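Below you'll find the structure, written out as structure tokens, and then a few comments.
In the numbering used here, the protein residues as written are 540 to 687.
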């Protein structure tokens with residue numbers, strides 16, 4: 540899935556949970572940013588020519604970053620230093636992983652174990668476009684529910 544769909548998913552999750560969250564100004568951006576972190580290679584794609592970013596081209600990087608092992612480790616690390624950021628970070632990051640596990644490429648959920656979980660959605664397919672539209676409609680409904 541591309542970063543656009545992950546932002547839409549992140550926004551949907553933020554709006555869904557926002558009424559139950561105390562620190563809305565922290566929750567909102569952390570979930571959205573965390574929903575993009577597993578795809579840093581895509582976000583930084585124009586800068587791949589820099590030597591320091593070359594490891595992002597490695598397929599093992601994808602398996603590593605798209606794992607709940609890394610998600611949980613980073614969430615615990617964040618909880619130690621910034622406790623208010625840990626839950627929104629985990630929600631954003633894990634939502635990215637969940638939706639990527641629905642694609643035909645899939646994820647390696649418990650890296651370094653090699654087992655891969657994959658689904659039926661072809662990235663940039665009509666199915667993904669339908670999901671974007673449906674989530675967009677849900678987002679509009681949530682905005683109206685929350686603000687009006």
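The beta carbon of each residue, even a glycine, is placed where N, CA and C say it ideally should be. Fair warning: this is a prediction, and the values are worked out from it, not measured in the lab.
- Approximately 6 Å separates the beta-carbon atoms of residue 667 and residue 660; this is inside 8 Å, confirming the contact.
- Nearest Cα to residue 684 within the set 544, 556 and 629: 556.
- In the DSSP assignment, residue 646 is bridged to 656.
- Linking residue 563 to residue 629 through their CA atoms gives a straight-line distance of about 16 Å.
- With a beta-carbon spacing of about 4 Å, residue 573 and residue 632 fall inside the 8 Å limit used to define contacts.
- For the options 681, 606, 625 and 623, the alpha carbon positioned closest to that of residue 654 is the one of 606.
- Distance from the CA of residue 577 to the CA of residue 610, rounded to the nearest whole angstrom, comes to 9 Å.
- For residue 658, the CB contacts under 8 Å within the same chain, skipping 5 residues up- and downstream, are 640, 641, 642, 643 and 645 in chain order.
- When only Cα atoms are considered, residue 673 and residue 579 end up about 26 Å apart.
- Only residues of its own chain outside the window of five on either side were considered, and among them 625 have a CB closer than 7 Å to the CB of residue 618, listed in chain order.
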